[in-house]
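**Q** Chains A and B, in that order, give the protein sequences.
So the first sequence is numbered by the working numbering: it starts at 2 and just counts up by one.
So the second sequence is numbered by the working numbering: it starts at 2 and just counts up by one.
All residues carry an ideal CB built from backbone N, CA and C; glycine is no exception.
Note that this is a predicted model, so its numbers are computed, not measured.
There are 2 protein chains.
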Amino acid sequence: MIDYTPPLARLIAELKKIPGIGRKSAQRIAYFLLRTDKKNALALAESIVQARETIFHCSVCNNITAVDPCEICSSLDRDDASICVVEEPFNIHSIEKTGLFHGHYHVLLGTLSPIRGIGPDELRIAGLLQRIRAGRYREVILATSPTTEGSATAHYLTEILREYKITISRIALGLPVGSDLDYADEMTIAKAIEGRLEVK
Amino acid sequence: MIDYTPPLARLIAELKKIPGIGRKSAQRIAYFLLRTDKKNALALAESIVQARETIFHCSVCNNITAVDPCEICSSLDRDDASICVVEEPFNIHSIEKTGLFHGHYHVLLGTLSPIRGIGPDELRIAGLLQRIRAGRYREVILATSPTTEGSATAHYLTEILREYKITISRIALGLPVGSDLDYADEMTIAKAIEGRLEVK
Chain A
2 MIDYTPPLAR
12 LIAELKKIPG
22 IGRKSAQRIA
32 YFLLRTDKKN
42 ALALAESIVQ
52 ARETIFHCSV
62 CNNITAVDPC
72 EICSSLDRDD
82 ASICVVEEPF
92 NIHSIEKTGL
102 FHGHYHVLLG
112 TLSPIRGIGP
122 DELRIAGLLQ
132 RIRAGRYREV
142 ILATSPTTEG
152 SATAHYLTEI
162 LREYKITISR
172 IALGLPVGSD
182 LDYADEMTIA
192 KAIEGRLEVK
Chain B
2 MIDYTPPLAR
12 LIAELKKIPG
22 IGRKSAQRIA
32 YFLLRTDKKN
42 ALALAESIVQ
52 ARETIFHCSV
62 CNNITAVDPC
72 EICSSLDRDD
82 ASICVVEEPF
92 NIHSIEKTGL
102 FHGHYHVLLG
112 TLSPIRGIGP
122 DELRIAGLLQ
132 RIRAGRYREV
142 ILATSPTTEG
152 SATAHYLTEI
162 LREYKITISR
172 IALGLPVGSD
182 LDYADEMTIA
192 KAIEGRLEVK
């Protein structure tokens, strides 16, 4: 059997390092990159290099950014009264897309996970406390995921934030919009009932 | 809403140009490329550039290669008696993996498709005829896909190859190994019955 020509074998090997991209997908992407306009392929390579050369974590909120402080931290249009705590930088984009939250963010860069050896000191919690002490925030919204680790992190933060004069809230758990009650798990239904809102 | 920082927005936009990669996947891959070792990310960029700078089509068989003629065309270990006709360069890899075929290949770089305006002149058929005339091939195996277009291409080639003193064969159509007869379509079952082989 004669294998791929070496530069192609190398490209496929590099693509396979991306989680979720297996052998077949790597091969398909590699062939696309060989067949598409050379300009397109080189633009992708160049954008990877550019992203790695210019993007870093915001020194205030830990969001990923190419300017410090990041666009959100340095914006004059944001609401100084609330700060939303998320696990990862991409969570910010998901919340921004709702158009409902106009305050500031703080990225923990992870969740508590005793199994993986991640304790409070491994997360960006000190910076959060410092911002809450220094700022005029009236509410902190804990928007970590409702996973075991995300919930544990929210619980931990709730405990240490109690000593601050600030409203602590947790994003609502319940049925996703458009979902069928029949297919929801019991934990989700229980949370949806516990968190029910009075219809006025 | 504050959007991605520009170098990240650009990287996501470039990734989305890859067929099969939507907004969510592009975002996931971009974040991976930002979080993985910088060495990994740059190696991917570099392998894309290298592949585009060094890979071209073999002047003999149209396979993709970094040397001309390609590794298969220039190999002394291949069987000079048979030539296998495929649609695309990556089909060669699929056949090589079986370890069953040791002859030469010829890549058409497409299939006949009147709808997309692809006629015989758009495919590398002249080169195939030239090789058959010049070579000592005793058999040509038509290994285009059993799609409408691949089959039409095989039919067309069969007609024009009839004038050459060469055995023309078509890869077998039938049930895929491990599949269930219950789930096979009628055309496939019909082909499997037509193509039945006597058990000896």
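Is A:Glu199 helix, strand or coil when you go by DSSP?
**A** Numbered from 1 along the first sequence, position 198 holds the residue referred to as residue 199 of chain A. Three-state result, A:Glu199: coil.
**Q** Any beta-carbon of chain A closer than 8 Å to the one on B:Lys25?
**A** Residue numbering aside, residue 25 of chain B sits at position 24 when the second sequence is read from its first letter. B:Lys25 does not count as touching chain A.
**Q** Using the C-alpha atoms, what's the distance from B:Phe91 back to B:Glu97?
**A** Stepping through the second sequence from its first residue, residue 97 of chain B is reached at position 96. Stepping through the second sequence from its first residue, residue 91 of chain B is reached at position 90. Roughly 10 Å separates the two Cα atoms.
**Q** Which chain A residues are close to B:Thr148, counting only those with a beta carbon under 9 Å from its beta carbon?
**A** Taking the first residue of the second sequence as 1, we reach residue 148 of chain B at position 147. None at all; the shortest Cβ gap to chain A is about 17 Å.
**Q** Can you grab the Cα-Cα spacing for the pair B:Leu182 / A:Lys25, in whole Å?
**A** By one-based count along the second sequence, residue 182 of chain B stands at place 181. By one-based count along the first sequence, residue 25 of chain A stands at place 24. Looking at the two C-alpha atoms, the distance is approximately 26 Å.
**Q** Can you check whether the CB of A:Glu140 is closer than 8 Å to the CB of A:Ser75?
**A** Residue mapping note: residue 75 of chain A aligns to position 74 of the first sequence, counting from 1. Residue mapping note: residue 140 of chain A aligns to position 139 of the first sequence, counting from 1. Contact flag unset, no.
**Q** Hey, would you say B:Thr145 sits closer than 8 Å to B:Ala155, going by beta carbons?
**A** For the purposes of this step, residue 145 of chain B is taken as residue 144 along the second sequence, with counting starting at 1. For the purposes of this step, residue 155 of chain B is taken as residue 154 along the second sequence, with counting starting at 1. Yes, they are a contact pair.
**Q** What did DSSP end up calling B:Glu72 once you bin it into helix, strand or coil?
**A** As a working mapping, residue 72 of chain B is identified with position 71 in the second sequence. Coil, per DSSP.
**Q** Within 8 Å (strictly less), CB to CB, does B:Val108 reach chain A?
**A** Position 107 of the second sequence holds residue 108 of chain B. Taking Cβ atoms only, chain A never reaches closer than 8 Å to B:Val108, which makes this a no.
**Q** Chain B partners of A:Pro7, CB-CB under 8 Å?
**A** For the purposes of this step, residue 7 of chain A is taken as the residue at position 6 of the first sequence. Within 8 Å Cβ-Cβ: Ala67.
**Q** How about B:Asn63 and B:Arg125: do their beta carbons lie closer than 8 Å?
**A** Walking along the second sequence from the start, residue 63 of chain B turns up at place 62. Walking along the second sequence from the start, residue 125 of chain B turns up at place 124. Yes, these two residues count as a Cβ contact at 8 Å.
**Q** Could you tell me the boundaries of the alpha helix (DSSP H) in which A:Leu110 lies?
**A** On the first sequence, position 109 is the one that residue 110 of chain A refers to. Unbroken run through A:Leu110: none, as it is neither H nor E.
**Q** Are the region 3-20 of chain A and the region 8-27 of chain B touching by the rule of at least three beta carbon pairs closer than 8 Å?
**A** Cβ pair count under 8 Å is below three, so no.
**Q** Decide if A:Leu198 is buried, meaning its Cβ has at least 16 other Cβ atoms within 10 Å, or exposed.
**A** Position 197 of the first sequence, counting from 1, holds the residue named residue 198 of chain A. A:Leu198 is exposed by the Cβ-count criterion.
**Q** Based on the DSSP output, what are the partners of B:Leu143 in its beta bridges?
**A** Locating residue 143 of chain B in the second sequence gives position 142, counting from the first residue. Note: B:Leu143 sits in a beta bridge opposite B:Val86 and B:Arg171.
**Q** Output the distance between the C-alpha atoms of A:Glu164 and B:Asp38, rounded to the nearest integer angstrom.
**A** Counting from one through the first sequence, the residue named residue 164 of chain A turns up at place 163. Counting from one through the second sequence, the residue named residue 38 of chain B turns up at place 37. Looking at the two C-alpha atoms, the distance is approximately 39 Å.
**Q** List, in chain order, every chain C residue whose beta-carbon is nearer than 7 Å to that of A:Leu124.
**A** The structure shown contains no chain C; its protein chains are A and B.
**Q** Please list, in chain order, the chain A residues whose beta carbon lies closer than 9 Å to that of B:Pro1.
**A** The structure shown has nothing for residue 1 of chain B, since chain B only spans 2 to 201.
**Q** Output needed for A:Gly104: all residues of its chain with C-beta closer than 7 Å, excluding positions within five of it in sequence on either side, in chain order.
**A** If you number the first sequence from 1, residue 104 of chain A lands on position 103. If we look at A:Gly104 and ignore the five residues flanking it on each side, its Cβ neighbours are Arg79, Asp80, Ala82, Ser83, Ile84 and Cys85.
**Q** How far does the alpha helix (DSSP H) with B:Ser26 in it reach, from first residue to last?
**A** Indexing the second sequence from 1 puts residue 26 of chain B at position 25. Start and end: Arg24 to Arg36.
**Q** Check the Cβ of B:Gly21 against every Cβ in chain A and list those closer than 9 Å, keeping chain order.
**A** Your numbering for residue 21 of chain B matches position 20 in the second sequence. The answer, in chain order, is Ser26, Arg29, Ile30 and Phe33.
**Q** Under 8 Å, Cβ to Cβ, is there at least one residue of chain A near B:Ala39?
**A** For this step, residue 39 of chain B is matched to residue 38 along the second sequence. First, the residue type needs correcting, since residue 39 of chain B is Lys and not Ala in the sequence shown. Judged by the 8 Å Cβ criterion, B:Lys39 is in contact with chain A.
**Q** Could you round the C-beta distance between B:Ile3 and A:Glu187 to whole angstroms and report it? I think they count as a contact, below 8 Å.
**A** Translated into the one-based positions of the second sequence, residue 3 of chain B becomes position 2. Translated into the one-based positions of the first sequence, residue 187 of chain A becomes position 186. About 38 Å; that fails the 8 Å criterion.
**Q** How far does the alpha helix (DSSP H) with A:Ala14 in it extend, from its first residue to its last?
**A** If you number the first sequence from 1, residue 14 of chain A lands on position 13. Its alpha helix (DSSP H) spans residues Pro7 to Lys17.
**Q** Which of the three DSSP states is assigned to A:His58 in this structure?
**A** Taking the first residue of the first sequence as 1, we reach residue 58 of chain A at position 57. In the structure shown, A:His58 sits in a strand (DSSP, three-state: E or B).
**Q** Would you say A:Glu140 reaches chain B, if we count a Cβ-Cβ gap shorter than 8 Å as a contact?
**A** For this step, residue 140 of chain A is matched to residue 139 along the first sequence. Cβ-Cβ to chain B under 8 Å: no for A:Glu140.
**Q** Starting from the Cα of B:Gly175, find the closest Cα among B:Tyr138, B:Leu162, B:Glu160 and B:Lys192 and give me that residue.
**A** In the second sequence, the residue the question calls residue 175 of chain B occupies position 174. The shortest C-alpha separation from B:Gly175 is found at B:Lys192.
**Q** If you run the structure through DSSP and keep just helix, strand and coil, what is A:Tyr157?
**A** Residue 157 of chain A sits at position 156 when you count from the first residue of the first sequence. Three-state result, A:Tyr157: helix.
**Q** What does the Cβ neighbour count give for A:Arg36, buried or exposed, with the cut at 16 atoms within 10 Å?
**A** Residue numbering aside, residue 36 of chain A sits at position 35 when the first sequence is read from its first letter. When all chains shown are included, A:Arg36 counts as exposed.
**Q** What does B:Gln131 reach in chain A if we use C-beta pairs closer than 8 Å?
**A** Within the second sequence, the letter at position 130 stands for residue 131 of chain B. Residues of chain A passing the Cβ test: none, with the nearest at roughly 23 Å.
**Q** Do B:Gly118 and B:Glu88 have their beta-carbon atoms positioned less than 8 Å apart in this structure?
**A** Here residue 88 of chain B corresponds to residue number 87 of the second sequence, with the count starting at 1. Here residue 118 of chain B corresponds to residue number 117 of the second sequence, with the count starting at 1. Against a cut-off of 8 Å, the Cβ pair of B:Gly118 and B:Glu88 comes out as no contact.
**Q** Which residues share a DSSP beta bridge with B:His105?
**A** If you number the second sequence from 1, residue 105 of chain B lands on position 104. Note: B:His105 sits in a beta bridge opposite B:Ile84.
**Q** Chain B beta carbons: is any one of them nearer than 8 Å to that of A:Thr48?
**A** On the first sequence, position 47 is the one that residue 48 of chain A refers to. Thr is not the amino acid found at residue 48 of chain A; the sequence shown has Ser there. At least one chain B Cβ lies under 8 Å of A:Ser48.
**Q** When we look at the beta-carbon of A:Glu195 and count the other beta-carbons within 10 Å, is it buried (16 or more) or exposed?
**A** Here residue 195 of chain A corresponds to residue number 194 of the first sequence, with the count starting at 1. A:Glu195 should be labelled exposed.
**Q** Report the rounded CA-to-CA distance for B:Ala135 versus B:Thr159, giving the unit in angstroms.
**A** The residue you call residue 135 of chain B lines up with position 134 of the second sequence. The residue you call residue 159 of chain B lines up with position 158 of the second sequence. Each residue's alpha carbon lies about 18 Å from the other.
**Q** What does the Cβ neighbour count give for A:Tyr184, buried or exposed, with the cut at 16 atoms within 10 Å?
**A** Reading the first sequence from its first residue, position 183 is the one you call residue 184 of chain A. Result: exposed.
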